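In the UniProt record's numbering, the protein residues as written are 1 to 97.
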């Protein structure tokens, strides 16, 4: 696993509830959500689908990106996801290899 940090977006379905997070170990964090051990927000809305993941060279860069994304309008977040992942596929397997 590369050094640095990740920003990511979790959801429950296409254009569903969105959750933006930051972590240094993306596979482990997503696995927590999938097992029901993630944040209370993710458990409440059953967010288990990873639809966007961005790697950053440093954790500080990842945190800055997370804060910026959280300020974005919902439509902008959806456009970002659909540009990178038009089918809203679960990216967990691709980051877990």
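By construction, the Cβ of each residue, glycine as well, lies at the ideal position given by its N, Cα and C atoms.
For clarity, every value in this text was computed on a predicted model and none was experimentally measured.
Under the DSSP assignment, residue 66 falls in the alpha helix (DSSP H) whose first and last residues are 59-71. In terms of Cβ geometry, residue 95 and residue 18 do not form a close pair [threshold 9 Å]. Closest by C-alpha distance to residue 30, out of 15, 62, 6, 61, is 6. With at least 16 other beta carbons inside 10 angstroms of its own, residue 53 counts as buried. DSSP places residue 49 inside the beta strand (DSSP E), whose first and last residues are 49-56. Cβ-Cβ separation between residue 47 and residue 10: approximately 4 Å, consistent with a contact (criterion under 8 Å).
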